[in-house]
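Here is the structure we will look at.
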Amino acid sequence: MLWIDEQRPKTLRQLNFHEALTARLQRLANDGEIPHLLVHGPPGAGKATRISCLLRAMYGVGAERKRLDRREFKTPSGQTVELSMVSSAYHIEMCPSDAGNYDRYVIQDIIKEVASHTSLHSTGLGGKENVDRDGDAMDLEDDAKKSSSKPPFKVVLLMEVDRLSRQAQAALRRTMEKYSSSCRLILCGSSLSKVIEPVRSRCLKLRVPLPQHEQVCDVLAAICRKKRLDLPPEFARSLSEHSNRNLRRAILLLEAAYVQSYPFSRDQAVTPLDWEAHIAILAKELSREQTPAKLLRARQMLYELLTNCIPGDVILDKLTQELLKNLDAQLKPEITRWAAFYAHRIAMGSKEIFHLEAFVAKYMAVYKKYINDMFGGDF
Numbered sequence: 001m002l003w004i005d006e007q008r009p010k011t012l013r014q015l016n017f018h019e020a021l022t023a024r025l026q027r028l029a030n031d032g033e034i035p036h037l038l039v040h041g042p043p044g045a046g047k048a049t050r051i052s053c054l055l056r057a058m059y060g061v062g063a064e065r066k067r068l069d070r071r072e073f074k075t076p077s078g079q080t081v082e083l084s085m086v087s088s089a090y091h092i093e094m095c096p097s098d099a100g101n102y103d104r105y106v107i108q109d110i111i112k113e114v115a116s117h118t119s120l121h122s123t124g125l126g127g128k129e130n131v132d133r134d135g136d137a138m139d140l141e142d143d144a145k146k147s148s149s150k151p152p153f154k155v156v157l158l159m160e161v162d163r164l165s166r167q168a169q170a171a172l173r174r175t176m177e178k179y180s181s182s183c184r185l186i187l188c189g190s191s192l193s194k195v196i197e198p199v200r201s202r203c204l205k206l207r208v209p210l211p212q213h214e215q216v217c218d219v220l221a222a223i224c225r226k227k228r229l230d231l232p233p234e235f236a237r238s239l240s241e242h243s244n245r246n247l248r249r250a251i252l253l254l255e256a257a258y259v260q261s262y263p264f265s266r267d268q269a270v271t272p273l274d275w276e277a278h279i280a281i282l283a284k285e286l287s288r289e290q291t292p293a294k295l296l297r298a299r300q301m302l303y304e305l306l307t308n309c310i311p312g313d314v315i316l317d318k319l320t321q322e323l324l325k326n327l328d329a330q331l332k333p334e335i336t337r338w339a340a341f342y343a344h345r346i347a348m349g350s351k352e353i354f355h356l357e358a359f360v361a362k363y364m365a366v367y368k369k370y371i372n373d374m375f376g377g378d379f
């Protein structure tokens, strides 16, 4: 098991940072009647972990007994859409944006199905099965209380809600109003601005910011203590900086460094991720040469990234960062503006490669014109 899964907190008491947010989640769990929630924040901040801990606080250990299902959904046009989801006796977790253009049908069907089932007070959660794997006596007492009184509704957890189409978000707004008495929605996403206002206004918004560098270092040090490993503070700080305070990435980098070379040293180099190194190479090639042959080569490299499941918006963001490193200050605003333009195109369109290639072509044209205007001649 990866360290990121093995060391994941399971209860609100085990969370390491954002104490004010944790206390707010605990009050919501104690109250029982939670509203629809919209949990947002950058990747690696701990959104999914806090949602999981909230469900555990509301329903007890039964919320952790999950199973993986493969469901088929029928669209009005007769198409069949397959989607994976994780479910327990008390909630369903899914990513409807994986259905592409059919995401609105998936949302409507699954919420209707959950709302129609009212057998929520499952039995069999008492006794020895309630023992938490960490052996925390206080958590065991909370689970015993939750087994006798649980909220009278199920929870539908929708991941990456900011990647849903506008039609799906409109369908979500109508559906969450209609079935609010029998189910609650917890929406999770990175960008609040990509969620339409009618959906945002019907939810309690909870922002999960990235932890500070010191907090990331503390978490890494705690993991190493449990593993009986020595972690130099300087190397922990380097991991935090290379991960840009993304805790999930920092833990993955720590485990990768342990596999590659342990014991750790203070000045140990952090190995970059393969896809990040790939984009860095692409950025250098684009700045070195602006020709049709280089554009064709860039298309091939972009295809390689997309076929390895790197999202188009992530590719564009990282590529822009790498390109800006090699640019003069007066050229950076224009490239940033075009990056934002094509980021919007990626969000609205369905073929990411078209917009990524268009951004690369635009960068090559702008950069070549700038070089020619500055030095003259045909470079």
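Under full-length UniProt numbering, the letters of the sequence shown match residues 1 to 379, in that order. Yeah, the Cβ is synthetic: ideal placement off N, Cα and C, and Gly gets one too.
Margin query: Excluding the 5 residues flanking Asp-98 on each side, which residues of the same chain have their C-beta closer than 7 Å to its C-beta?
Written below: Leu-83
**Request:** Identify every residue that forms a DSSP beta bridge with Lys-74.
**Result:** Thr-80
Reducing DSSP to helix, strand and coil, say where Ile-310 ends up. coil
- prompt: Looking at C-alpha atoms only, which residue of Arg-50, Tyr-59, Arg-173 is the closest neighbour of Glu-19?
  reply: Arg-50
So, are the CB atoms of Val-155 and Arg-184 less than 8 Å apart? yes
In the DSSP assignment, find the alpha helix (DSSP H) that holds His-344 and state where it starts and stops. 332 to 348
| message | Taking the alpha helix (DSSP H) that Arg-104 belongs to, which residues open and close that run? | response | 103 to 116
message: Given a cut-off of 8 Å on the beta-carbon distance, is the pair Leu-220 and Ala-257 in contact?
response: no
| query | Whose CA, out of Ala-222, Gln-260, Glu-93, Met-364, lies closest to the CA of Arg-297? | reply | Met-364
Practice problem: Output the boundary residues of the beta strand (DSSP E) element that contains Cys-183. | Solution: 183 to 189
Where the beta strand (DSSP E) containing Leu-206 begins and where it ends | 204 to 207
Checklist entry - What is the DSSP secondary structure of Met-364, counted as helix, strand or coil? => result helix
### Task
Would you mind stating whether Met-159 and Glu-93 have Cβ atoms separated by less than 8 Å?
yes
Could you tell me if Met-348 is buried or exposed, where buried requires 16 or more neighbouring beta carbons within 10 angstroms of its beta carbon?
-> exposed
message: Does Ile-281 pass the burial test, meaning 16 or more other C-beta atoms within 10 Å, or should it be called exposed?
response: exposed
Inset, instruction - For Asp-267, count neighbouring Cβ atoms within 10 angstroms of its own Cβ and tell me buried if that reaches 16, exposed if not. - result: exposed
Practice task
Report the three-state DSSP secondary structure of Met-58 (helix, strand or coil).
Solution key: helix
TODO: Give the single residue among Ile-34, Pro-233, Val-106, Asp-328 whose Cα lies nearest to the Cα of Pro-152.
DONE: Ile-34
Exercise. Over what stretch of residues does the alpha helix (DSSP H) that includes Glu-214 continue unbroken?
Worked result: 213 to 227
Can you tell me whether Leu-164 sits near the ligand ATP, meaning its C-beta is under 7 Å from at least one heavy atom of the ligand?
Absence of the ligand ATP is noted for the structure shown, with no ligands found whatsoever.
Length of the line joining the Cα atoms of His-213 and Pro-96:
33 Å
- Query: Helix, strand or coil: which one does DSSP assign to Leu-120?
  - Reply: Because the pLDDT of Leu-120 is 42, which lies under 50, any placement of that residue in the model is unreliable, and the number read from its coordinates should be weighed accordingly. The answer is coil: DSSP assigns Leu-120 none of H, G, I, E or B.
For Phe-193, is the classification buried or exposed, using 16 other Cβ atoms within 10 angstroms of its Cβ as the cut-off for buried? Phe is not the amino acid found at residue 193; the sequence shown has Ser there. Its Cβ having fewer than 16 others within 10 Å, Ser-193 is exposed.
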